[in-house]
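Add 550 to the 1-based position in the sequence shown for this note's numbering, that's all there is to it.
In this text, a Cβ means the ideal position worked out from N, Cα and C, and glycines have one as well.
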Amino acid sequence: MSEDLRARLEELAKANRRSLQAEITAILEQSLSGQAGAQFDMDAFAENIADKVAAKLKKK
551 MSEDLRARLE ELAKANRRSL QAEITAILEQ SLSGQAGAQF DMDAFAENIA
601 DKVAAKLKKK
């Protein structure tokens with residue numbers, strides 16, 4: 551994990567009063583909800599995560 555990504559995730563975790571692990575888990579669970587049975591697309595998944603992280607950081 552790049553230091554930049556880690557720092558961004560740590561900011562989100564702090565804002566949400568979660569550990570880094572809990573924040574990553576929450577983001578993954580939210581991202582994967584509704585995808586049951588669908589073929590997993592790693593590029594779309596990564597873009598979705600990046601968009602959600604960016605949106606959360608903009609709210610700060």
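For residue i, collect the residues of the same chain with a Cβ closer than 8 Å to its Cβ; drop the 5 residues on either side in sequence, then sort them by chain order.
i	result
residue 609	none
So residue i is in the alpha helix (DSSP H); what residue range does that whole segment cover?
i	result
residue 569	Neither: residue 569 is in no alpha helix (DSSP H) and is coded neither H nor E.
residue 554	553 to 565
residue 593	592 to 609
Looking only at its chain, what residues have a beta carbon closer than 7 Å to the beta carbon of residue i, apart from the 5 residues adjacent to it on each side?
i	result
residue 566	573
By how many angstroms is the C-alpha of residue j removed from the C-alpha of residue i?
i	j	result
residue 554	residue 575	18 Å
residue 560	residue 569	8 Å
residue 557	residue 599	15 Å
residue 581	residue 562	15 Å
Looking at C-alpha atoms only, which residue of the options is the closest neighbour of residue i?
i	options	result
residue 596	564, 578 and 570	578
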